[in-house]
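This report concerns only the one structure given below.
Numbering (our numbering), first residue to last: 2 to 307.
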């Protein structure tokens, strides 16, 4: 009985310490703050962004009030951005802005936040394939535009302001074109109020973009369909005064018959049929003579060598 108690006690001790024997309870050695920061910077320089993220996270967790804590938070935003983690980068930028509103490098946080959203909206296929990105949801583009706009309004003398301004021009044109595509969609389906509102939004908020004349044209046609002659005339006058060579087109679709709709346009179309192709004036006898003149070699090679 006594032997059984001894064996049981030894077994419990072995089970309790088994995890540490097999490395399950491995302790992370204590690394100095400066060493952690230098290792993270070295990883960034070597473009090992995953390792840099791990080092910076460890630095922030172990030394939240150290001398490298604020700089490590900025470096972590950049590491997340380069490691294709846009959500983490945006969250880290928001956290830095909230914790350090008067930091001397807060403009860098706004710039990285806008740059992350800007790159998030450009996938691999959009970079190398002819895909129209103006027809996609502009959620990330809006976030990027707002971040760059805040940067320019609050810190116009920032070293990142020129690049942010150029990117804002691109984003502004894209957002305006997206609104025009939506307005055209509404026009084709008879939603004239929604189309007019989209066009007015472009004219009022996205000026100096190539989409403005299209917006005025949509406003003119939408107001005309709604019977608002004064607004339609005003939009048309502004359009012709600023863009006299603009070619006005209609977005209204002709009413289709029930038979045409049911047969997908094969039957019941009210359009006039196309004129027949030009008839062949050669008679059968002339064709026979031409065929007789062809040699057997010409026929065998389908006329390639003769």
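Quick reminder that beta carbons are idealized off the backbone N, C-alpha and C, glycines included.
Query                                                                                                                                                                     : Result
Would DSSP call residue 106 helix, strand or coil?                                                                                                                        : coil
Rounded to a whole number of angstroms, what is the C-alpha to C-alpha distance between residue 100 and residue 57?                                                       : 17 Å
In chain order, which alpha helix (DSSP H) runs of at least 4 residues are fully inside the region 142–203?                                                               : 162–189
Hey, quick one: how far does the alpha helix (DSSP H) through residue 78 stretch, first residue to last?                                                                  : 70–83
Let me know the secondary structure DSSP gives residue 31 once reduced to three states.                                                                                   : coil
Ordered along the chain, which non-local residues of its own chain (more than five positions away) have a Cβ less than 8 Å from that of residue 76?                       : 41, 42, 45, 53 and 57
Go ahead and label residue 247 buried or exposed: buried means 16 or more other beta carbons lie within 10 angstroms of its beta carbon, across all protein chains shown. : exposed
Hey, quick one: how far does the alpha helix (DSSP H) through residue 220 stretch, first residue to last?                                                                 : 213–227
For the alpha helix (DSSP H) containing residue 244, list its first residue and its last residue.                                                                         : Run containing residue 244: none; DSSP gives neither H nor E here.
Roughly how many angstroms lie between the CA atoms of residue 121 and residue 197, to the nearest whole one?                                                             : 31 Å
With respect to the alpha helix (DSSP H) encompassing residue 55, which residues constitute its N-terminal and C-terminal limits?                                         : 50–63
Quick check on the DSSP output: the alpha helix (DSSP H) that includes residue 87 runs from which residue to which?                                                       : 87–100
Should residue 94 be flagged as near chain C, meaning a C-beta pair shorter than 8 Å?                                                                                     : The chain inventory of the structure shown lacks chain C, comprising one protein chain alone.
Between which residues of its own chain and residue 84 is the CB-CB distance below 7 Å, once the five residues before and five after are set aside?                       : 50, 51 and 54
Apart from the five residues just before and just after residue 34, which ones in its own chain have a Cβ nearer than 8 Å to its Cβ?                                      : 60, 63, 64, 67, 68 and 69
Roughly how many whole angstroms lie between the Cα atoms of residue 110 and residue 98?                                                                                  : 7 Å
Considering only their Cβ atoms, is the gap separating residue 165 from residue 112 smaller than 8 Å?                                                                     : yes
Cα separation between residue 187 and residue 115?                                                                                                                        : 31 Å
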